[in-house]
Structure formats: C-alpha cells, structure tokens
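Worksheet: one structure, shown below.
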Amino acid sequence: MTGQEKYNLRMGLLFISPWLCGFILTALYPLVSSLGLSFTDYSVLSKPVFVGTDNYRDLATDELFWQSLWNTFYFAAISIPLNLGLALALAIMLNLNLPGKKYFRTIYFLPSLVPMVCLAVLWQWMLNGRLGLINAMLRPITDVLSAVLEVSISPPNWLVDPAYAKLGLVLAGMWGVGNAVVIFMAGLQDVPRALYDAADLDGCNFWQKTRHVTLPIISPVIYFNGIMGLIGSFQVFAVPYVMTDGGEGPARSLLFAATYIFNKTFRSLSMGYACAISLILFLIILALTLVATKLTKRHIHYEGK
Amino acid sequence: MTSQTAQRVQKLCLYLLLVVGAIAFLAPFAWMVSTSLKPLEETMTMPPRWIPKEILWSNYPEAVAEMRYFWRYTANTLFLCFMTVTGTVLSSAIAAYGFSRIEWVGRDKVFLLVLATMMIPFPVVMVPMYTLFKLIGWTGTFKPLWVPSFLAAAFNVFLLRQFFLTLPKDISEAARIDGCSEWQIFWRVILPLAKPALIVVALFQFMATWNDFIGPLIYLSEQQDMTLALGLQAYESKGGGTNWNYLMAASTLIVLPVVGLFFISQRYFIEGIATTGGKG
Numbered sequence: 010m011t012g013q014e015k016y017n018l019r020m021g022l023l024f025i026s027p028w029l030c031g032f033i034l035t036a037l038y039p040l041v042s043s044l045g046l047s048f049t050d051y052s053v054l055s056k057p058v059f060v061g062t063d064n065y066r067d068l069a070t071d072e073l074f075w076q077s078l079w080n081t082f083y084f085a086a087i088s089i090p091l092n093l094g095l096a097l098a099l100a101i102m103l104n105l106n107l108p109g110k111k112y113f114r115t116i117y118f119l120p121s122l123v124p125m126v127c128l129a130v131l132w133q134w135m136l137n138g139r140l141g142l143i144n145a146m147l148r149p150i151t152d153v154l155s156a157v158l159e160v161s162i163s164p165p166n167w168l169v170d171p172a173y174a175k176l177g178l179v180l181a182g183m184w185g186v187g188n189a190v191v192i193f194m195a196g197l198q199d200v201p202r203a204l205y206d207a208a209d210l211d212g213c214n215f216w217q218k219t220r221h222v223t224l225p226i227i228s229p230v231i232y233f234n235g236i237m238g239l240i241g242s243f244q245v246f247a248v249p250y251v252m253t254d255g256g257e258g259p260a261r262s263l264l265f266a267a268t269y270i271f272n273k274t275f276r277s278l279s280m281g282y283a284c285a286i287s288l289i290l291f292l293i294i295l296a297l298t299l300v301a302t303k304l305t306k307r308h309i310h311y312e313g314k
Numbered sequence: 004m005t006s007q008t009a010q011r012v013q014k015l016c017l018y019l020l021l022v023v024g025a026i027a028f029l030a031p032f033a034w035m036v037s038t039s040l041k042p043l044e045e046t047m048t049m050p051p052r053w054i055p056k057e058i059l060w061s062n063y064p065e066a067v068a069e070m071r072y073f074w075r076y077t078a079n080t081l082f083l084c085f086m087t088v089t090g091t092v093l094s095s096a097i098a099a100y101g102f103s104r105i106e107w108v109g110r111d112k113v114f115l116l117v118l119a120t121m122m123i124p125f126p127v128v129m130v131p132m133y134t135l136f137k138l139i140g141w142t143g144t145f146k147p148l149w150v151p152s153f154l155a156a157a158f159n160v161f162l163l164r165q166f167f168l169t170l171p172k173d174i175s176e177a178a179r180i181d182g183c184s185e186w187q188i189f190w191r192v193i194l195p196l197a198k199p200a201l202i203v204v205a206l207f208q209f210m211a212t213w214n215d216f217i218g219p220l221i222y223l224s225e226q227q228d229m230t231l232a233l234g235l236q237a238y239e240s241k242g243g244g245t246n247w248n249y250l251m252a253a254s255t256l257i258v259l260p261v262v263g264l265f266f267i268s269q270r271y272f273i274e275g276i277a278t279t280g281g282k283g
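Those protein sequences? They're chains R and B, same order as listed. So the first sequence is numbered by this note's numbering: it starts at 10 and just counts up by one. So the second sequence is numbered by this note's numbering: it starts at 4 and just counts up by one.
As structure tokens, then:
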C-alpha cells in the first residue's frame with residue numbers, strides 16, 4: 010500500500026465512523042444479541058438463563074405464533090400486489106401528460122404524508138360499520154343488489170368482522186400508495202421516447218406499448234417497490250395497534266408477527282421468546298427477498314448492463 | 004378521422020378515471036375535516052352530511068383541552084424533530100462523504116453493508132435495543148429517540164452518497180491543490196453544493212420523527228413526555244374511541260403541519276422520493 014492509499018484509507022474510515030458506530034450499535038450488536046437471547050429465558054428484570062432450543066421448540070406448538078404468521082402472510086399477499094398494481098396504474102395514467110398532471114400527482118401523493126396514527130384513527134372512523142363513509146357509499150349498492158337478488162345483503166362490518174378486518178387494513182394502506190406512485194413516475198420518465206415512436210410506427214396500441222415497452226424498461230423499479238412493500242408489510246404494526254387499541258382484533262384477525270413480538274416483549278416480558286420470533290421473521294423476509302430476486306431476475310431489464 | 008375520435012374518447016375516459024380516483028383520495032381528508040366540525044350527535048346521522056348544519060370551530064380548542072398535554076406533546080415532538088434532523092443531516096453527510104468522495108480500499112464492499120442494513124426490520128432489533136437502553140438508564144427519557152440519529156442511518160447515507168457522486172471530481176482536486184484538508188473540502192466545498200440533497204434528508208427525517216409511533220411507545224412512560232402521535236393514540240384509547248368529532252379535530256391538527264411543510268417544499272419532496280427508487 011502506498012502512502013497515499015494508507016492516508017486515503019485512514020481518512021475514509023474516519024469519515025464513515027459515525028455510520029460504523031451506528032452499524033455496530035443498531036445492527037450488528039442487536040442481531041448477535043438477539044440470536045444469543047433467543048436461546049435464553051429473559052425478562053429484563055433478572056439475568057438471562059440459558060434454555061437451549063426450548064424457545065424454538067415452544068414456537069412450533071404455539072398457536073398464537075402460527076396465527077400471527079398466517080395473518081402476516083395473508084395481509085402481505087393481498088396488499089403487496091394491490092398496492093403495486095394501483096401505484097403502477099396511477100403512475101402510467103399520470104405520465105400521459107394530461108392537463109393538470111401536477112395537481113393530480115399532489116392529490117394522489119398527499120395521503121402518504123399522513124402520520125400512521127392519524128391514518129389509523131381516520132380509517133377506523135371511515136370503516137365504522139354503522140356510521141363510516143365507506144359503508145355509506147356501499148349501502149346504496151348493497152340495497153340495489155338486495156332488491157334485485159331478493160336476498161338481504163349489507164355492507165361488511167369491516168374492523169369488527171374477522172373475515173373483513175384485514176381487508177379494511179389493506180384499504181387503509183392503499184390510501185397511502187402515493188410514495189410508490191412518485192417512484193414509478195420517476196422510472197417512467199427514463200423510458201426513451203424513441204422506443205414509443207418505434208412502437209407507434211409498428212402500429213402498436215396503448216396496451217401493447219405498455220406491455221412490451223414500458224413494463225420491461227421499468228422492471229427494476231417494479232422490483233424495488235415490490236421489495237419495499239414486502240419489507241413494509243411484514244412488519245406492519247402501528248396501524249393495527251392503534252385500530253385495535255393495542256389488541257389483536259376480532260378473533261385475533263389483526264394479530265401480526267410484529268404485534269406478537271411486541272406483546273411477548275412488553276406484556277409478558279418473555280424477551281428470549283420474542284427474540285426467537287423476531288429472528289424467524291427476519292429469516293422469512295430474507296428468504297422471500299431472495300426468492301423474489303431469483304424469480305424476477307430473468308425478467309428484470311437493466312439499462313446498459 | 005375515426006381513429007382520432009377513438010383516441011379522444013380514450014383520453015376522456017382516462018381523464019374521468021383520474022378525476023374519480025382523485026375524488027376518492029381526497030374524500031378521507033374531507034371526511035376528517037367535516038367530522039371535526041360537527042356536534043357529536045351529527046356524526047351519528049345517516050346518510051352523512053358533508054357540510055355540518057352548524058360549523059363547530061369550538062371542537063378544536065375542546066379537543067386540545069381534552070388531550071390535556073397537547074402543547075407539551077407539540078413541544079416534545081418539535082424538540083425531537085430538531086435533534087434528529089440535526090443529527091441525521093450532520094452524521095449522514097459525513098459518512099456519505101467517506102463513501103463517495105474519498106477512494107479507499109474496500110469502500111464499495113463496505114457500502115454493500117450499508118445497503119444490507121436497510122433491510123433489517125425494526126421488530127428484529129427492538130428487544131436488544133430496548134434492553135441496552137434500559138441497562139444504561141435511558142428508558143423513560145428522550146435520549147433513545149434522538150441520540151442514535153447522530154449515528155448516520157443507512158437510508159440517508161445512501162441518498163446523500165448518490166448525490167455526492169454526481170458532483171465532478173475536479174472540484175475536490177482543485178481544493179486539494181489549494182491546500183485544503185479533507186474536512187475543509189467536505190465542509191466548505193461539498194456541503195454548500197449539496198444543499199438540495201441535505202434539505203431532502205432533513206425533510207424526510209422531520210417527517211419520520213413527527214410520525215414515529217413505535218419508538219415513543221416503547222421508550223416513553225410519563226404521560227407528559229409523549230409525542231403528538233403517541234398522545235393521540237393515548238387519547239383515543241382513554242376515551243374508548245367514540246367522540247369522533249374531537250378525534251378528527253386532533254388528527255387534523257397533527258396532519259396539518261405536515262401537509263403545510265409539503266406544500267412549501269414540494270419540489271424537494273418529489274425529487275427526493277424519485278431518487279430513492281430511480282437509482283437503487
């Protein structure tokens with residue numbers, strides 16, 4: 010190593026030292042410590058006691074744990090594709106350069122600024138079975154359907170009905186789709202005009218252009234938004250926590266993995282057990298990310314690579 | 004001629020779709036403000052009336068009084084916003100400089116670690132972080148909520164590094180020839196040029212702190228120490244969530260500053276979010 014290289018290395022490390030400290034304190038140490046604690050019985054009030062793999066064995070038969078995982082998967086499986094689809098559709102429509110594009114973009118973006126707690130309180134009210142706006146809109150439709158089909162149909166009791174509680178949450182989440190819309194719009198700006206012109210010459214219609222020009226070019230952005238959605242929906246916590254007043258929802262339908270970790274940590278003070286759950290959650294997110302990366306690799310088109 | 008008409012019809016349909024969508028996205032806001040101005044009885048009438056018979060502005064001061072510590076919560080939240088914005092902007096800029104403007108062995112490999120840490124979900128590190136802060140006696144204080152922001156969060160380092168990389172190398176070289184130290188180049192040359200990116204990071208951090216729920220929930224214990232987000236949840240929990248007019252008034256008050264901030268800094272916001280996905 011030359012003197013200059015040594016100097017650069019020293020300066021580089023000096024500059025990144027705030028991040029390095031943060032990495033050790035907020036990532037490396039917690040991960041290692043979490044792994045260690047997951048093999049112990051630990052309540053914060055007393056020293057951890059080593060219990061081997063007991064926590065993991067208990068998890069296998071813990072119904073609440075499986076319920077929380079099921080709820081988390083169910084929520085993610087519905088909300089990720091719906092959010093991606095809506096964001097992409099909105100971005101493509103907004104990108105057509107219709108007059109007032111800027112105002113539309115602002116309107117669609119605004120809800121994503123609303124703090125989680127406010128969003129949760131507002132949507133609890135929106136989804137109120139008797140007095141909420143959503144059902145006030147649905148009621149005329151269900152009334153007509155009831156009359157036509159001659160059976161009694163009424164709008165769902167969203168957050169009080171175990172069959173609809175998670176859908177209510179998905180709906181509330183879709184309101185905050187604006188962030189992804191803005192990211193998609195930025196991606197769409199990078200699609201070369203020439204490709205559309207060429208497609209026009211070939212007589213392609215709007216759908217063909219979307220399918221064969223737009224989507225391939227912005228596939229890295231779709232991948233990015235998808236992974237972000239995955240990470241986000243697997244740690245959903247604040248909104249269901251506020252909506253259920255720290256509870257688990259009707260028939261535990263809003264008990265998510267993060268909720269269960271929180272309850273085990275701060276309600277039953279089973280920190281070792283909570284660490285075991287959190288590591289499994291982490292491994293699931295990691296595995297799904299890798300699978301998604303593998304599966305989409307062939308379909309992702311990187312410009313100039 | 005016919006294809007032109009078809010195109011016009013298509014455009015009109017799309018436009019209609021966008022307008023309907025926009026109305027749907029605005030409706031919850033309108034519903035929130037409308038409810039916040041109604042007497043309690045009127046929130047329970049069906050079908051709902053958008054414009055209250057009598058507009059009750061007094062719901063706002065009453066909701067503030069009901070929450071008891073509203074202004075304390077505001078002061079706490081602003082304090083935390085100030086500290087975390089200062090900490091994040093400073094520390095992330097320093098770290099990002101080290102990841103972009105100095106060439107050292109293994110830099111780009113270490114940067115992969117930065118990206119990897121963005122993937123760690125908070126619930127996974129929650130227990131060790133909490134026990135660590137408990138051990139050093141910081142739980143129940145504001146410290147766990149702002150001190151870590153001085154340790155350059157990965158996402159902001161990433162954002163600023165992307166910006167620093169776009170600045171030409173020559174400007175650093177010129178400063179070096181003039182005898183500037185690395186710190187002087189950072190402080191006097193690069194930082195002033197990076198103002199737009201720094202504003203983006205500051206805005207994102209302000210929003211994150213203003214909106215944070217789980218952090219205050221686990222670290223703060225005294226009622227008067229709460230932040231606005233936590234205070235709103237505590238207020239709803241205490242009242243059993245039925246006085247919707249007050250709840251909506253309080254929500255409106257907490258949403259309003261964020262929306263205001265967005266409108267005065269829209270350009271930075273949109274560009275900042277666009278960078279997060281576009282160059283990842």
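Where a beta carbon is used, it is the ideal one built from N, C-alpha and C, also for glycine. For clarity, every value in this text was computed on a predicted model and none was experimentally measured.
Is it the case that the Cβ atoms of residue 129/R and residue 251/R are separated by a distance below 7 angstroms?
-> A contact, by the Cβ cut-off of 7 angstroms.
Kindly indicate which three-state DSSP category residue 142/B falls into: helix, strand or coil?
-> When DSSP states are grouped into helix, strand and coil, residue 142/B belongs to the coil group.
Compare the Cα-Cα distances from residue 88/R to each of 68/R, 220/R, 261/R and 240/R and report the closest residue.
-> In this structure, 240/R is the residue among 68/R, 220/R, 261/R and 240/R with its C-alpha nearest to the C-alpha of residue 88/R.
Kindly indicate if chain B contains any beta-carbon less than 7 angstroms away from that of residue 130/R.
-> Answer yes: the Cβ-Cβ gap between residue 130/R and chain B drops below 7 angstroms somewhere.
Please classify residue 269/B: does DSSP put it in a helix, a strand, or coil?
-> When secondary structure is reduced to three states using DSSP, residue 269/B falls in the helix class.
With residue 163/B and residue 200/B assumed to form a contact (beta carbons below 8 angstroms), what rounded beta-carbon distance in angstroms separates them?
-> Contact holds; Cβ gap of about 6 angstroms.
When DSSP builds the beta bridges, which residues end up paired with residue 245/B?
-> The partner list for residue 245/B (beta bridge, DSSP) is empty, contrary to what the question assumes.
Own chain, CB closer than 7 angstroms to residue 273/R, minus 5 neighbours either side, in chain order = The answer, listed in chain order, is 279, 282, 283 and 286.
Consider the Cβ of residue 145/B: report whether some Cβ of chain R lies at a distance smaller than 7 angstroms.
-> It does not; no Cβ of chain R falls within 7 angstroms.
Return the residues of the stretch 249-268 of chain R that lie within a Cβ-Cβ distance of less than 8 angstroms from chain B, sorted by chain order.
-> Those would be 250, 251, 254, 255, 266 and 267, in chain order.
How many whole angstroms separate the CB atoms of residue 222/B and residue 147/B, which I take to be in contact at a CB cut-off of 8 angstroms?
-> Contact flag correct, Cβ pair sits at about 5 angstroms.
For residue 128/B, three-class secondary structure by DSSP = If DSSP states are grouped into helix, strand and coil, residue 128/B belongs with the helices.
Does DSSP put residue 211/R in a helix, a strand or coil?
-> Three-state result, residue 211/R: coil.
Starting from the C-beta of residue 138/R, find all residues in its chain whose C-beta is less than 7 angstroms away, skip the five residues before and the five after it, and write them out in chain order.
-> In chain order, 144, 166, 167 and 169 place their CB closer than 7 angstroms to the CB of residue 138/R, counting only its own chain and leaving out the 5 sequence neighbours on each side.
How big is the Cα-Cα spacing for residue 110/B and residue 22/R?
-> Residue 110/B and residue 22/R have their C-alpha atoms roughly 9 angstroms apart.
Under a CB-based cut-off of 7 angstroms, is residue 107/B close to chain R?
-> Yes, because at least one Cβ of chain R sits closer than 7 angstroms to the Cβ of residue 107/B.
C-alpha gap between residue 226/B and residue 238/B, whole angstroms | Residue 226/B and residue 238/B have their C-alpha atoms roughly 10 angstroms apart.
Of the listed residues 62/B, 234/B, 14/B and 115/B, nearest to residue 247/B (C-alpha basis) = Closest option to residue 247/B, Cα to Cα, is 62/B.
Nearest chain B C-beta to residue 42/R closer than 7 angstroms, yes or no?
-> Output row for residue 42/R: interface = yes.
Around the C-beta of residue 206/R, are 16 or more other C-beta atoms found within 10 angstroms, so that it is buried, or is it exposed?
-> When all chains shown are included, residue 206/R counts as exposed.
Using DSSP bridges, identify the partner residues of residue 49/R.
-> For residue 49/R, which the question treats as bridged, DSSP gives the partners 59/R.
Starting from the Cα of residue 104/R, find the closest Cα among 14/B, 257/B, 236/B and 218/B and give me that residue.
-> Of all alpha-carbon atoms in 14/B, 257/B, 236/B and 218/B, the one lying nearest the alpha-carbon of residue 104/R is that of 14/B.
Residue 247/R, buried or exposed, once every other Cβ within 10 Å from all chains shown has been counted against 16 | Counting the other Cβ atoms within 10 Å of the Cβ of residue 247/R gives 16 or more, which makes it buried.
Should the stretch 208-217 of chain R be called in touch with the stretch 55-75 of chain R, which here means at least 3 C-beta pairs below 8 angstroms?
-> Short answer: they don't touch.
So with Cβ pairs under 7 angstroms, would you call residue 223/B a contact of chain R?
-> Interface flag for residue 223/B against chain R is unset, since no Cβ pair is found closer than 7 angstroms.
When Cβ atoms are compared, which residues of the stretch 280-292 of chain R fall closer than 8 angstroms to chain B?
-> Of all residues in the stretch 280-292 of chain R, 280, 283, 284, 287, 288, 290 and 291 have a Cβ within less than 8 angstroms of some Cβ in chain B.
Can you find a C-beta in chain B that's less than 7 angstroms from the C-beta of residue 134/R?
-> For residue 134/R, the nearest beta carbon of chain B is closer than 7 angstroms to its own beta carbon.
How about residue 210/B and residue 76/B: do their beta carbons lie closer than 7 angstroms?
-> With a cutoff of 7 angstroms on beta-carbon distance, residue 210/B and residue 76/B are scored as not near each other.
Relative to chain R, which residues along the stretch 10-43 of chain B have a C-beta separation below 8 angstroms, given in chain order?
-> Cβ contacts with chain R: 13, 14, 17, 18, 20, 21, 24, 25, 28, 29, 30, 31, 32, 34, 35 and 38.
Would you give the residue range spanned by the alpha helix (DSSP H) that residue 173/R belongs to?
-> Here residue 173/R belongs to no alpha helix (DSSP H), and DSSP marks it neither H nor E.
Any C-beta of chain B under 7 angstroms from that of residue 116/R = So yes, residue 116/R belongs to the interface.
Keeping to the same chain, check which residues put their C-beta closer than 8 angstroms to that of residue 93/B; ignore five residues upstream and five downstream.
-> Excluding sequence positions up to five before and after residue 93/B, its CB lies within less than 8 angstroms of the CB of 153, all in the same chain and listed in chain order.
Is the Cβ-Cβ distance between residue 36/R and residue 120/B less than 7 angstroms?
-> Yes, the pair counts as a contact, with Cβ atoms nearer than the cut-off.
Would you tell me roughly how many angstroms separate the C-alpha atoms of residue 240/B and residue 59/B, rounded to the nearest one?
-> If I take the Cα positions, the gap works out to 24 angstroms.
For chain B, is any of its Cβ atoms less than 7 angstroms away from the one on residue 212/R?
-> Contacts with chain B at 7 angstroms (Cβ-Cβ) do not include residue 212/R.
Can you give the Cα-Cα distance for residue 224/B and residue 65/B, rounded to whole angstroms?
-> Taking the straight line from one Cα to the other gives about 25 angstroms.
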